[in-house]
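Residue numbers (this note's numbering): 281 to 400.
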């Protein structure tokens, strides 16, 4: 069964910018992007925000963004750890490069969809 498309409560993109849940999702995308420059601590702060506020966005179009961000964090963390462990075998450098590209892709795709008022 296909998942139901969540439609924003307010289809007007200007009015959506004042939505607190949307602004939290924007903040988490920014924190995830900043984690590349500060060693990942802002990514951790972002996923904590996602978990704390997940009940507030349940059954809204923002919930998919929160779940997308949570999945990005945990899969990124798992593969980063695997990459770090395997760096002495050289393959780890390729894993780290690949997961970095994947995380950047997920942040950009999610942020663009959020900006357009769409779910991921």
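The beta carbon of each residue, even a glycine, is placed where N, CA and C say it ideally should be.
These numbers were taken from a predicted model, which means no experiment stands behind them.
For residue i, the nearest candidate out of the options (CA to CA)
i	options	result
residue 355	337, 371, 370, 375	375
residue 315	339, 303, 357, 338	357
residue 402	368, 387, 396	In this structure the chain extends from 281 to 400, so residue 402 is not present and cannot be described.
residue 303	368, 369, 377, 329	329
residue 326	318, 350, 338	350
Spatial distance of residue i from residue j (CA atoms)
i	j	result
residue 343	residue 334	7 angstroms
residue 348	residue 305	10 angstroms
residue 398	residue 345	9 angstroms
residue 363	residue 307	27 angstroms
residue 341	residue 381	26 angstroms
residue 372	residue 318	21 angstroms
residue 368	residue 400	36 angstroms
residue 313	residue 359	17 angstroms
residue 323	residue 385	15 angstroms
residue 361	residue 379	10 angstroms
Check whether residue i and residue j have beta carbons under 8 angstroms apart
i	j	result
residue 390	residue 331	no
residue 352	residue 383	yes
residue 301	residue 336	yes
Residue i burial status per 10 Å Cβ neighbour count (16 or more: buried)
i	result
residue 298	exposed
residue 281	Any answer about residue 281 is weak, because its pLDDT of 48 lies below 50 and its placement is not dependable; what the coordinates show is given next. Exposed.
residue 396	exposed
residue 370	exposed
Terminal residues of the alpha helix (DSSP H) in which residue i lies
i	result
residue 374	371 to 395
residue 302	300 to 314
residue 330	321 to 333
residue 361	341 to 365
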